[in-house]
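For the protein sequence lines, the chains are A and B, in the order given.
For the first sequence, this note's numbering gives the first residue as 86, with consecutive numbering after it.
For the second sequence, this note's numbering gives the first residue as 86, with consecutive numbering after it.
Backbone N, C-alpha and C define an ideal beta-carbon position, used for all residues, glycine too.
Number of protein chains: 2
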Amino acid sequence: MDSMESNSRRIMLTVAYDGTDYHGWQYQDNGKTIESELNKALSTLLNEEIMVIGASRTDAGVHALCNIAVFDTKASIPAGKFAYALNQMLPSDIRVRKSEEVAVDFHPRKVKTRKTYEYHIDCEEFPNPIKQRYSHFTYTPLNVSLMQQAANDLIGQHDFTSFCSVNSTALSPVRMITDILVTQNGCDIVISVTGNGFLYNMVRIIAGTLMEVGREKYPPEAVLAMLEQKDRTKAGPTAPACGLILAKYEFDL
Amino acid sequence: MDSMESNSRRIMLTVAYDGTDYHGWQYQDNGKTIESELNKALSTLLNEEIMVIGASRTDAGVHALCNIAVFDTKASIPAGKFAYALNQMLPSDIRVRKSEEVAVDFHPRKVKTRKTYEYHIDCEEFPNPIKQRYSHFTYTPLNVSLMQQAANDLIGQHDFTSFCSVNSTALSPVRMITDILVTQNGCDIVISVTGNGFLYNMVRIIAGTLMEVGREKYPPEAVLAMLEQKDRTKAGPTAPACGLILAKYEFDL
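This is the structure we're talking about:
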């Protein structure tokens, strides 16, 4: 049996999903999750119980273009073929975009990463039904240049306690944001936030706060003050999940 | 009662919808349609039986940003308020973007119009779950410049029998296409077709045929020959409904 063990490989999956109909990434006893769908498909495919390890535990309703999951198997299927095989078995709102072999000790939550989340906002006069699954609709006009001005104060390494759900279990509230870009294209506004990791609800609280700045509810300078107060009640509301997409995931293998 | 009749107004609604979960626009005894949802909401709102007249009877699964519906009522609600009131009652995948009063004899299928349909194609390596509701995925690469070359031969007034479902009940197969534009932005390809009206499945057959040209299954010149043969079996397949969006609707009131 020991010699069998030595044949175990670690396979990494790059996974895209429409999170609308899921209770988030993480396995739950009740409720459909991305992780449980992957476990189910892999366990059926390989005829053994498989439990993936995910990189980002996205919330209910949040989407991803490139979340990462790894699992171990002794099966001899070529690594690149898992994507094709799994896509035959997964529901159509989950797709494995790539499958490849990685080092057996590669752990997607212990490797240095750079992630980019995009928060999409729809500012049309009425909610557009063909945008609503992937963007947050708001009636009130937003001043994008004020939003960018406020966003600039969040770039860098900070204690993000004010921008973190009180339900967070993270050991440290310090994170590094390398970039925030607020762009507008017609009625579509996108807040792109890049960093080495994010606290629970952090991007959605940043988006909710920047939207309040865009509505001129408070001036851009107020955001730096919120950050310094290290108090969740001082920042803006948590923006709805539907607008959030895990858009980019970079790391060294 | 006669004096009441003279107070009847005709209200025009501009309607957007995600057609994924509907059996098309037109009322059916079985199955949820856009028209039946509008009739239901209006009848509840006005406490009288309302039957709208629609401009474009889009197929099952086809989307719209701006379909048109009119109805008559003697209710005194200001015309502009219908949009707000109906949006409280309609399912979230249907939205009335505008409501306004029009001439009592305005008929959306008897007025001269210019419509633009967009056919959206996703050419990524794997189907992207957050694009699949609103675009048709294809694994095979498409040569967009060949598609545009073929499309140019369809512009103008022609007998489009070859590009019309055999189930069509139209009196004449002659239609005028004023423009077809095939554009590519990364993995997204859009075929925009503008004309004064379209036969049953016409835009989807044009899209299916242009995709075959893009795959180099036949040369661009073949499309003109298909048109001249006036035979549905000579043109390409009908592209799937999900990629089609009624994007623009222009007419003189």
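Reduced DSSP category for residue i - H, G, I as helix; E, B as strand; rest coil
i        : result
A/Lys125 : helix
A/Phe283 : coil
B/Arg300 : coil
A/Met261 : strand
B/Lys319 : helix
B/Tyr334 : strand
B/Ala307 : helix
B/Gly139 : strand
B/Glu313 : helix
A/Lys183 : strand
A/Ala160 : coil
A/Gln234 : helix
A/Ala154 : strand
B/Lys195 : coil
B/Val267 : strand
A/Arg289 : helix
A/Tyr219 : coil
B/Glu203 : strand
B/Asp244 : strand
A/Tyr102 : strand
A/Ile229 : Inspection of the sequence shows that residue 229 of chain A is occupied by Val rather than by Ile. A/Val229 falls in the helix class under three-state DSSP.
B/Ala326 : helix
A/Ala149 : strand
Nonlocal neighbours in the same chain, by C-beta distance under 8 Å from residue i, ignoring five residues either side
i        : result
A/Met296 : Ile206, Thr223, Leu227, Met232, Gly321 and Ala324
B/Ala164 : Arg94, Ile96, Ser184, Glu185 and Glu186
A/Leu171 : Leu98, Leu123, Ala126, Leu127, Leu130, Val181 and Ser184
B/Phe191 : Arg95, Met97, Val155 and Leu338
A/Lys166 : Ser184
B/Asn113 : Note on identity: in this sequence residue 113 of chain B is Gln, with Asn being the wrong assignment. Taken in chain order, the residues that qualify are Ser121.
B/Thr263 : Arg199, Ile240, Thr279, Gly280 and Asn281
Chain-ordered neighbours of residue i on chain A, where CB pairs are closer than 9 Å
i        : result
B/Arg180 : Phe211, Pro212, Asn213, Pro214 and Gln217
Spatial neighbours of residue i in its chain, beta-carbon cut-off 7 Å, leaving aside the 5 residues before and after
i        : result
A/Thr143 : Gly104, Gly109, Trp110, Ala149, Asn152 and Leu331
B/Pro212 : Phe222
B/Ala208 : For the sequence presented, residue 208 of chain B should be read as Cys rather than Ala. These residues qualify, in order along the chain: Thr223, Pro226, Leu227, Cys272 and Ile274.
Distance CB(residue i)-CB(residue j) smaller than 8 Å
i        : j        : result
A/Ala28  : A/Arg194 : The question about residue 28 of chain A has no answer, for chain A in this structure spans 86 to 338.
A/Thr279 : A/Thr158 : no
B/Thr118 : B/Tyr102 : no
A/Val298 : A/Tyr204 : no
A/Ala236 : A/Val259 : no
A/Leu378 : A/Ser257 : Chain A is shown from 86 up to 338; residue 378 of chain A falls before or after that span and cannot be answered.
B/Ser146 : B/Ala326 : The sequence given here has Gly at residue 146 of chain B, not Ser. Against a cut-off of 8 Å, the Cβ pair of B/Ala326 and B/Gly146 comes out as a contact.
A/Tyr303 : A/Cys249 : no
B/Ile265 : B/Leu239 : yes
A/Val229 : A/Ile290 : no
A/Ile179 : A/Val100 : yes
A/Asp244 : A/Lys319 : no
A/Arg300 : A/Thr225 : yes
A/Gln234 : A/Pro305 : yes
Outcome for residue i when other beta-carbon atoms lying within 10 angstroms are tallied against a minimum of 16
i        : result
B/Ser161 : exposed
A/Val137 : buried
A/Asn252 : exposed
B/His221 : buried
A/Glu358 : Missing from the structure shown is residue 358 of chain A; chain A here goes from 86 to 338 and no further.
A/Leu175 : buried
A/Pro214 : buried
B/Gly328 : buried
B/Tyr169 : exposed
Contact list for residue i against chain B, beta-carbon separation under 7 Å
i        : result
A/His221 : Neighbours of A/His221 on chain B: none; closest Cβ ~13 Å, over 7 Å.
A/Ser121 : None at all; the shortest Cβ gap to chain B is about 16 Å.
Neighbour list for residue i in chain B, Cβ cutoff strictly below 8 Å
i        : result
A/Ala307 : Near A/Ala307 there are no residues of chain B at all, since even the closest Cβ is about 32 Å away, more than 8 Å.
A/Ser347 : Shown here, chain A extends from 86 to 338; a query on residue 347 of chain A therefore has no answer.
A/Ser128 : Near A/Ser128 there are no residues of chain B at all, since even the closest Cβ is about 21 Å away, more than 8 Å.
Cross-chain neighbours of residue i in chain A, by beta carbon under 8 Å
i        : result
B/Ala101 : Phe211, Asn213, Pro214 and Ile215
B/Ser177 : Pro212, Pro214 and Gln217
B/Ala168 : Phe211
Close-in-space but distant-in-sequence residues of the same chain around residue i (CB under 6 Å, 5 per side omitted)
i        : result
B/Val196 : Phe336
B/Met261 : Gln242, Gly280 and Asn281
A/Gly293 : Gly321, Pro322, Thr323 and Ala324
B/Ala255 : Leu284
B/Lys333 : Thr201
B/Val189 : Arg95
A/Asn92  : Lys159
B/Glu77  : Look at the range of chain B in this structure, 86 to 338, and you will see that residue 77 of chain B is not part of it.
Within chain A, partners of residue i - CB distance below 7 Å
i        : result
B/His148 : Ile215
Chain B residues whose Cβ lies nearer than 9 Å to that of residue i
i        : result
A/Asn172 : Phe211 and Pro212
A/Ser141 : What A/Ser141 touches in chain B: nothing, since even the nearest Cβ is about 16 Å away.
Any non-hydrogen atom of the ligand GTP closer than 7 Å to residue i Cβ
i        : result
B/Thr198 : The model depicted lacks the ligand GTP and carries no ligand whatsoever.
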